[in-house]
Structures are given as structure tokens and as C-alpha cells.
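Take 253 as the starting number for the sequence shown in this note's numbering and just add one per residue. Glycine included, C-beta positions come from ideal geometry on N, C-alpha and C.
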Amino acid sequence: MLAQAVNAGNPIDSLATIAEFRREMARLEAVTVRRARAQGNSWTEIAATLGISKQAVHKKYGGRGLFRNQE
Numbered sequence: 253m254l255a256q257a258v259n260a261g262n263p264i265d266s267l268a269t270i271a272e273f274r275r276e277m278a279r280l281e282a283v284t285v286r287r288a289r290a291q292g293n294s295w296t297e298i299a300a301t302l303g304i305s306k307q308a309v310h311k312k313y314g315g316r317g318l319f320r321n322q323e
């Protein structure tokens, strides 16, 4: 679906579609991180799953103070 949207038509329209997908993916990631923390998953597990460091997860999602069940 994304490939079709990007390869069809005007490149500017394709870039707008990519930007929209990027915003939606960022929103879905944040929601899923909150859900994972609420279910007791550790920052280390979340970071490993996302393929980033624990420090990067803290920086991106606020680390301590934003979520309950802190490590």
C-alpha cells in the first residue's frame, strides 16, 4: 500500500503521503510503548525490540516520570 502510494503520480504528492505515514507510525509507536510499559515490559525490552538503546527510548519517550512501573 505504501509503495503504491509513493510510486504513483507526482513526487510531491508521494512525499506528502510519506510524511503522513511517518506521523501515524510515530503516534502508533508512542501508544504501543505506553501499552508495553503499562503491561510491565521493561525499558530494556522495549529498546531491544525497537532496535535502539535504552537511553534513546528514555530520551524519546520521557523516561522516568512519564510512565508508571519504572525500573
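For residue i, is the classification buried or exposed, using 16 other Cβ atoms within 10 angstroms of its Cβ as the cut-off for buried?
i           : result
residue 283 : exposed
residue 289 : buried
residue 321 : Model confidence at residue 321 stands at a pLDDT of 46, short of 50, so the residue's coordinates are unreliable; what they give is reported in the following sentence. Residue 321 should be labelled exposed.
Cβ atoms of residue j and residue i: under 8 Å apart, would you say?
i           : j           : result
residue 285 : residue 298 : yes
residue 311 : residue 295 : no
(request) Jot down the residue ranges of each uninterrupted alpha helix (DSSP H) in the stretch 275-311, minimum 4 residues, whole runs only, in chain order. (result) 295-302
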